[in-house]
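Undergrad:
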Amino acid sequence: MKLIRKTESYALLFLAIVFLFMSCNKDDVVEIDNSFPPDYIVLKELYDANSGNTLGWNFDDTSMKSWGGVT
């Protein structure tokens, strides 16, 4: 009886370890696009989050010099 419980425990431990490794994929890593300045990324996210804004920023200008209200 104890042998069966010990075997069941090892089987559950094995399945838990297999599940752990299967759930840890490389796809879980968030890659940051480093081709834009950090300020640009944050300000674009802020702009996109406010659907009613009328700033009219030109997102082709990565220097942000033409963006009104940005100092």
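Remember, this note's numbering sits 217 above the position in the sequence shown when you count from 1.
Heads up, the beta-carbon is just placed ideally off N, CA and C, and yes, glycines get one too.
#1: Looking only at its own chain, which residues have a Cβ that is under 8 Å from the Cβ of T279, when we skip the five neighbours before and after it?
#2: According to DSSP, is L263 part of a helix, a strand, or is it coil?
#3: Where does L272 sit, in a helix, a strand or coil, going by DSSP?
TA: Let me lay it out:
#1: As a first step, residue 279 must be located in the sequence shown, where it is residue number 62. Around T279: F253, P254, Y257.
#2: The count along the sequence shown starts at 1 and reaches residue 263 at position 46. Note: L263 maps to helix in three-state DSSP.
#3: Position 55 of the sequence shown, counted from the start, is the residue given in the question as residue 272. L272 falls in the coil class under three-state DSSP.
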